[in-house]
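Trainee: Note that our numbering gives residue 69 to position 18 of the sequence shown, counting from 1, and the numbers run on in steps of one.
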Amino acid sequence: MSIQEKAYAKINISLDVAGKRPDGYHEMIMPMQTVSLCDTLTIRREGEGIRARSNLRYVPGDERNLAVRAAKRYLEAIGEEGQGLRIELDKHIPVGAGMGGGSADAAATLRALNRAYGDRLSREELTALAAEIGSDVAFCLVGGTMLATGRGENLQPIAPLPPCYIAIVKPAFSISTPELFNKLDHAPIRIHPDTAGLIEAMEQGDLQGVCRRLYNVFEDVDDRRMRSIRQIKGELLDGSALGAVMTGTGSAVFGLFEDAEAAARCCAKLKKEYGFAFVAESVGTLL
Ligand code: C5P
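#1: Looking at C-alpha atoms only, which residue of G169, M79, A218 and A58 is the closest neighbour of A319?
#2: For C89 and G294, what's the separation of their Cα atoms in angstroms?
#3: Taking only the alpha-carbon atoms, compute the straight-line gap between G98 and I138 and give it to the nearest angstrom.
#4: For a quick check, are the C-beta atoms of V272 and A238 less than 8 Å apart?
#5: By the DSSP assignment, the beta strand (DSSP E) with L13 in it spans what residues?
#6: Taking the alpha-carbon positions, what's the N165 to R171 distance?
#7: Counting Cβ pairs closer than 8 Å, one from the region 325–338 and one from the region 210–228, do we hit at least three?
#8: Take D341 and list the residues in its own chain whose beta-carbon comes closer than 6 Å to its own, dropping the five residues that flank it on each side.
#9: With DSSP as the reference, please indicate the residues paired to V296 in a beta bridge.
#10: Could you check which residue in I94, T228 and Y216 has the C-alpha nearest to that of L258?
#11: Identify every run of the beta strand (DSSP E) within the region 195–255, keeping only runs that are complete inside it and at least 3 residues long; order them along the chain.
#12: Using only alpha-carbon positions, find the residue among P214, P213 and C191 that is nearest to L206.
#13: Quick one: Cα of A252 to Cα of R174, how far?
#14: Taking Cβ positions, are M79 and A199 nearer each other than 8 Å?
#15: Does the contact criterion of 3 or more C-beta pairs under 8 Å hold for the region 297–307 versus the region 259–279?
#16: Runs of 3 residues minimum, wholly inside the region 124–154: which ones carry the beta strand (DSSP E) assignment?
#17: Check the C-beta distance from L231 over to E286 and give it rounded, since I have them as a contact under 8 Å.
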């Protein structure tokens with residue numbers, strides 16, 4: 052057996068936090084979109100145990116890797132825990148970027164294994180398994196355009212992002228998700244995004260209306276790295292993006308462009324400056 056699957060990144064078109072829950076997680080309100088930036092997974096039945104290998108040295112091969120955890124949970128769920136697996140990850144999604152790279156790999160592992168094992172788990176069973184692995188894994192499993200609430204695992208389909216080019220830029224530094232959530236807990240959120248207005252603009256295919264409502268509450272956290280984030284947003288807008296915002300807990304920022312050439316030009320310039328830049332497009336449902 053050798054199966055391949057693409058693991059697509061996500062962006063948070065906007066991100067709101069409604070409060071902290073008794074279980075320590077936060078109540079999220081996030082319109083999310085799958086984008087064409089992706090890792091490629093190849094899974095083989097081989098040897099004993101489950102291990103991953105990647106083109107990036109610092110990506111762990113053991114259970115710290117969400118793809119390994121997903122494979123282990125999947126095999127347990129179908130009663131095949133003895134099976135050895137090798138997961139090869141050709142990674143392109145930047146790590147520590149707020150683009151759900153690890154979650155996308157876990158989700159792609161679940162899709163690939165379920166296909167290889169003859170759809171032994173239903174869509175509902177697979178989604179429940181995904182949510183246990185991480186808050187963004189359920190979205191990455193199903194993909195498309197969704198309003199994610201709760202920890203991020205409650206998904207409701209919404210209209211896709213109006214046609215546009217998505218220039219994604221990541222500075223050299225990464226941001227740890229728990230660290231930023233912790234900072235958020237120590238300061239009140241003063242401004243919340245207009246999620247309902249954003250979804251309505253998406254329903255109407257109104258890209259300008261969407262761009263006016265791009266907002267991420269994590270950008271208001273007291274953290275000196277947010278200065279660089281604001282700088283990148285400014286450069287995307289100077290390059291004629293209609294709007295720009297940080298995705299998830301960063302450090303990647305994306306700008307939405309109507310014009311492909313302007314997006315490519317801006318991206319080439321920011322790639323030289325920040326190291327990573329990519330022009331992506333929206334991707335529809337994956338499962
Ligand atoms: O669920 P996951 O392991 O991806 O979450 C990583 C961390 O992000 C959690 O340990 C928690 O600190 C934070 N988190 C949160 N509320 C969420 C999702 C994640 O506080 N809804």
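We put the CB at the ideal spot given by N, CA and C, even for glycine.
Quick caveat, the model's predicted, so the values are computed rather than measured.
Mentor: Reading from the atomic positions:
#1: A218
#2: 23 Å
#3: 12 Å
#4: yes
#5: Since the displayed the chain opens at 52 and closes at 338, residue 13 lies outside it and no answer follows.
#6: 6 Å
#7: yes
#8: With the chain running from 52 to 338 in the structure shown, residue 341 is simply not present.
#9: Partner(s): F305.
#10: Closest by alpha carbon: Y216.
#11: 196–201, 205–208 and 216–221
#12: C191
#13: 30 Å
#14: yes
#15: yes
#16: The region 124–154 contains these whole beta strand (DSSP E) runs: 136–141.
#17: Not quite, the Cβ-Cβ distance comes to about 22 Å (not below 8 Å), so this is no contact.
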